[in-house]
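Its first residue numbered 0, the sequence shown is counted upward by one per residue in numbering that gives the first Met the number 0. Here the structure is laid out as structure tokens; the discussion comes afterwards.
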Amino acid sequence: MLVSALVLERLRGDGWGRAVRVVAPLGALVVEGWPALIAAVLLQEGGVWLAGRLVEPCQRVFARRLFLAAFGLRVAIALPTHAIARLGDGSGALFQDDYTNDLVGEWLVRIARGDGISIFPGHQHLLDGLYPYLLMAVYAIFGYSPLVPKLVNAGLAGLSAVLIFEIARRAFRWPAAVLAGLGAALLPTMVVWSVVTLKETLVLCLCLLGLWAVQWLSVTSRREPRFMHVVVLLVGVLALLLDLRSPAAGILICLALATSFARTRYRLRWWQVTAAVLSLVVIAGGGVWIVRARTTNRPITTVVEDAVLIIRHRRAQEAASATSRIRTESDVLSATGTELPASEAASDAAPFSVVGDVLNPLGFALLAPAPWQARSGPEVGAAAEMPVWYVLLLASLLAWRASPRQRFFVASLAAYGIANWLVLAASEGNVGNLLRHRLTLNPVLLILGAAGLEWLWVRAGRPLSSKFPAALTAARAES
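This is the structure:
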């Protein structure tokens, strides 16, 4: 809480906010011309307006300043790194997938204009998702300006910080919300993935919008005029997530259904609950049996074995293609010319073990890369954040002691985090993709961890709080 007080003391004035709103567009103009300037102004001012709309009126001042702080930090990193990287590949990409997305987005615009080019086979799988077409729309509107998608991600990251602050404020005390919002603005992984042309920041912002909508609907009367507006927003978010990240969409759908069921006035009796569970088991089990009967000749008793095999294959593919989403032909085919990659064949030959197939993936998804396991420069940089991650993880176990205002939603938030953790454990096999996809866990640990840290601070008697009461009091009064 001492760090929060110091930062809030710096955020009290409006001079730095005005500086961000002037310097960020001018920097974009210098780096990439008028299209980048126009995009920066639209994203910056639109983000300030949306930040005020996402929170209660008494919190609008702080929310707008938090957005500007997060947006300004990312622009300050994106502009020089983009200018330096552009000298090498012409697009300013920092990573291989960053470059690939930019390339496919540009090609789609040229194809739409009838330039007579095509997407070569190594990139065809990207056309199944929505993100390349969003890049195509950006380039069609602003022209080919690779800096603009990075500015879009910077704006989405600023809104994500505001959403994390608002979700935490509704669920816990105000100091915990401030700490969570500042963590979202400053956490290195959230900064890094928001200054590149990747879809992770968009997915994170949509997930947070979904959580914000579920939280709002869980405590708001159905007679509220904005109730149906938020329902429509939630449906739109789920529709986008079904394309961009279907597991996250499925988890949010389950949370929305659980919230709706918890709010219903009708209470089922024990025999009704039993009948509903049995019906669900019969329907789900029958569906699985029908699908397996139509797709494979293996007996139903091998369903667990097949599930483990699928998880092994996915993790083996991830480990074999750690540098990029696009694998060369030698990675796709084994030495004998079969369609089964050598990495998957090796995973088939290994016997099943609880440690190797259950505990190790769970630990890898939650704890990697540990500082003592780093072997390369990028891994050392990624591991530098892990002590903060471990502190948040341990502090999140104390969040329930912080007397949450919305106990059902906090339990739902914890369930959301656990479900995403299991998805990561089943699908991620290399550190690079893990760090990108683990952004979905960051909000959970930031909110719950901030609440736990704030509880520990109060529990310890706040020995240093007397030195900085004015910062907290003044910032809260201004908000």
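Glycine is no exception: its CB is placed at the ideal position from the N, C-alpha and C atoms.
Return yes when the C-beta of residue i is under 8 Å from any heavy atom of the ligand SAM, and no when it is not.
i      : result
ALA275 : Absence of the ligand SAM from the depicted structure is noted, as is the absence of any ligand whatsoever, leaving it without description.
Are there 16 or more other CB atoms within 10 angstroms of the CB of residue i, so buried, or fewer, so exposed?
i      : result
VAL491 : The requested residue 491 does not occur in the structure, where the chain is confined to residues 0 to 478.
HIS228 : exposed
TRP288 : exposed
TYR265 : exposed
THR219 : exposed
ALA459 : exposed
PHE363 : buried
TRP456 : buried
ARG297 : exposed
GLN214 : buried
GLU31  : buried
VAL234 : exposed
PHE61  : buried
GLN58  : buried
LEU181 : buried
ARG262 : exposed
TRP388 : buried
LEU433 : buried
GLY14  : exposed
GLN372 : exposed
ARG64  : buried
GLN271 : exposed
LEU25  : exposed
VAL280 : exposed
Given residue i, which residues of its chain have a CB within under 7 Å of its CB, disregarding the five upstream and five downstream residues?
i      : result
LEU162 : LEU53, LEU207, LEU208, TRP211
PHE94  : VAL195
ALA84  : GLY91, ALA92, LEU93
LEU397 : GLY451, TRP454, LEU455
GLU105 : TYR138, TYR143
ALA176 : PHE164, ALA167, ARG168
LEU361 : ALA424
ASP242 : GLY128, LEU129
LYS149 : ALA77, HIS81, VAL194, VAL195, THR196
VAL353 : none
LEU158 : GLY46, LEU49, ALA50, PHE66, CYS204
ALA238 : none
Excluding the five sequence neighbours on either side, which residues of its own chain have a C-beta within less than 8 Å of the C-beta of residue i, listed in chain order?
i      : result
ARG172 : ALA401, ALA450, GLU453
TRP48  : none
ASP114 : none
LEU240 : VAL202, LEU205, CYS206, GLY209, ALA247, ALA248, LEU251
ALA111 : MET135, ALA139
PRO386 : PRO370
ALA275 : LEU267
TYR415 : LEU210, ILE250, LEU251, LEU254, VAL443
GLY286 : none
Pop quiz: residue i and residue j are said to be a contact at Cβ under 8 Å. What is the actual Cβ separation, rounded to whole angstroms?
i      : j      : result
GLY428 : LEU391 : Their Cβ separation, rounded to whole angstroms, is 24 Å, which puts GLY428 and LEU391 out of contact at 8 Å.
SER395 : LEU254 : Not confirmed; about 18 Å, so no contact.
LEU107 : TYR130 : With a Cβ gap of about 11 Å, LEU107 and TYR130 do not count as contacting.
LEU440 : ASN419 : 6 Å
ALA156 : ARG73  : 6 Å
GLY71  : GLY154 : Actually they are not in contact, since the Cβ atoms of GLY71 and GLY154 sit about 11 Å apart, beyond 8 Å.
VAL190 : ILE76  : 7 Å
PRO403 : ALA170 : 5 Å
ASP101 : PRO56  : That pair is no contact at about 40 Å.
ALA179 : ILE446 : 5 Å
To which residues of the same chain is residue i closer than 6 Å at the C-beta, ignoring the five residues directly before and after it?
i      : result
LEU67  : GLY16, VAL19
PRO368 : GLU378, ALA381, ALA382, VAL430
ALA27  : ALA35, LEU36, ALA39
PRO468 : Confidence is the limiting factor: at PRO468 the pLDDT is only 49, short of 50, which leaves the residue's position unreliable, though a coordinate-based value still follows. Cβ within range, chain order: n/a, list empty.
GLU199 : TRP192, ARG435, LEU438
PRO187 : GLU384
SER217 : THR258, PHE408
LEU232 : ALA212
ARG244 : VAL202
ALA425 : ILE310
ALA184 : ALA68, ALA69, ALA160
ALA50  : ALA62, ARG63, PHE66, VAL161
VAL422 : PRO246
THR99  : none
PHE141 : PRO34, ALA38, VAL147
Just checking: is the beta-carbon of residue i within a distance shorter than 9 Å of some beta-carbon in chain D?
i      : result
LEU254 : No chain D is part of this structure, which consists of one protein chain only.
What ranges does the alpha helix (DSSP H) occupy inside the segment 356 to 389, keeping only unbroken runs of at least 4 residues that lie completely in it? 359 to 366, 376 to 382
Runs of alpha helix (DSSP H) wholly within the segment 130 to 204 (minimum 4 residues, chain order): 130 to 141, 146 to 170, 173 to 185, 187 to 191
Give, in chain order, every unbroken run of the alpha helix (DSSP H) that is at least 4 residues long and sits entirely within the segment 214 to 253. 226 to 243
Which residue spans inside the segment 63 to 96 form an unbroken beta strand (DSSP E) run of at least 3? none
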